[in-house]
Amino acid sequence: MLVMTYSEARQNFASLLDKSEEEGAAFVKRADGSLFRISPEKSSKSPFEGIKTLFDLQHSDIRQALRETREEN
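The opening position of the sequence shown corresponds to residue 1325 in this note's numbering, with each subsequent residue numbered one higher.
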């Protein structure tokens, strides 16, 4: 578990975010003793997002093809 002071976090913010991503969380501690958790947000992106095809397919086309395939089995 990584704990940095506010000053350290400010100077090394990129590494704080990297460590948070690796370990699931990192903490920043203020001079008054209060502690703050920095944790990565889980992506809710579709697994099909950004896939390039030879055809101009829409999400609805892909879903329909999956439905048809499942019905055949």
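C-beta: ideal position from N, C-alpha, C; glycine also. Since the model is a prediction, treat every value here as computed from it, not as a measurement.
Boundaries of the beta strand (DSSP E) harbouring Lys-1353: 1350 to 1353, taken from the DSSP string. Fewer than three beta-carbon pairs drawn from the stretch 1379 to 1391 and the stretch 1353 to 1361 are found closer than 8 angstroms, and the two stretches are therefore not classed as touching. In the three-state DSSP reduction, Leu-1381 falls in the coil class, being neither helix nor strand. Ranked by Cα distance from Ala-1333, the first of Glu-1347, Ser-1384 and Arg-1361 is Arg-1361.
Rounded to whole angstroms, the gap between the alpha carbons of Leu-1359 and Lys-1366 is 22 angstroms.
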